[in-house]
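Novice: Numbering-wise (the working numbering), the sequence shown opens with residue 72 and increments by one.
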Amino acid sequence: MLALLLLFLRGHLPCVTARVGASPTHVITVPSTRSRAGVHPLAELVGDRLGLPWIASAVNPDYGPDDHDFHADWFTPFIRTSRTPIHALILEDTWTTGARAQSLAHALKTAGATTVAAIILGRHVDPSYTPAKRLLTAIADPVFDIGRCAVED
Ligand SMILES: [Zn+2]
């Protein structure tokens with residue numbers, strides 16, 4: 072997973088930066104919504120390889136790990152007031168509905184981040200979910216290509 076992330080960043084961080092309009096200044100993972108203490112496994116995996124400070128975040132315990140809805144108050148990222156703009160990069164290991172990443176992006180903006188970008192390393196697809204059939208058809212052939220840009224129009 073680390074190799075995948077680093078290869079993606081080497082090839083496509085400039086694409087993400089161009090789309091956002093700024094290079095990331097901080098990085099954050101979507102906090103675990105399970106009662107797991109300590110550093111998020113993805114943050115531990117990445118460590119200081121990106122050379123960016125990590126943003127910590129509190130989690131609202133009112134929402135459980137099986138919640139798949141957007142909640143503006145799900146996360147409270149700790150961002151210090153700064154004279155320089157904060158450009159947050161969210162790293163997430165799995166995209167299911169996007170509710171957690173979108174809730175965190177909203178919270179980051181509310182907390183003062185100027186821009187927020189998200190890089191998702193994996194996606195969970197329920198094959199019995201009818202709208203997912205188009206995606207599954209599109210990936211029926213092994214088309215994974217690290218050179219293919221995720222920032223496509
Ligand atoms: Zn690209």
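We put the beta carbon where it would ideally sit given N, CA and C, even for glycine.
CB-CB under 6 Å to Thr100, same chain, minus the five flanking residues each way: which ones, in chain order?
Specialist: By 1-based counting over the sequence shown, the position of residue 100 is 29. So the qualifying residues of the chain are His111, Leu113, Ala114 and Leu162.
Novice: Look up Thr168 in the DSSP assignment and say whether it is helix, strand or coil.
Specialist: In the sequence shown, residue 168 corresponds to position 97, counting from 1. Coil at Thr168, not helix or strand.
Novice: Let me confirm a value: Leu175 is counted as buried when at least 16 other C-beta atoms fall within 10 Å, else exposed. Which label applies?
Specialist: Within the sequence shown, residue 175 is the residue found at index 104, counting from 1. It counts as buried.
Novice: Using a Cβ-Cβ cut-off of 7 Å (strictly less than) and excluding sequence neighbours within five positions of Val196, which residues of its own chain qualify?
Specialist: Along the sequence shown, read from residue 1 onward, the residue named residue 196 stands at position 125. Taken in chain order, the residues that qualify are Ala203, Leu206 and Leu207.
Novice: Relative to ligand 1, is the shortest distance from any of its heavy atoms to the C-beta of Gly82 smaller than 7 Å?
Specialist: Position 11 of the sequence shown, counted from the start, is the residue given in the question as residue 82. Indeed, a heavy atom of ligand 1 lies less than 7 Å from the Cβ.
Novice: Is it buried or exposed for Ile217, if we count other Cβ within 10 angstroms and need 16 for buried?
Specialist: Numbered from its first residue, the sequence shown carries residue 217 at position 146. Ile217 sits exposed, since fewer than 16 C-beta atoms from the chains shown fall within 10 Å of its C-beta.
Novice: Candidates Asp140, Gly183, Thr152 and Ser94: which alpha carbon is nearest Trp166's?
Specialist: Residue 166 sits at position 95 when you count from the first residue of the sequence shown. Answer by Cα proximity: Asp140.
Novice: With 16 as the cutoff for other CB atoms within 10 Å, does Ser128 come out buried or exposed?
Specialist: Working through the sequence shown from its first residue, we reach residue 128 at position 57. Label assigned to Ser128: buried.
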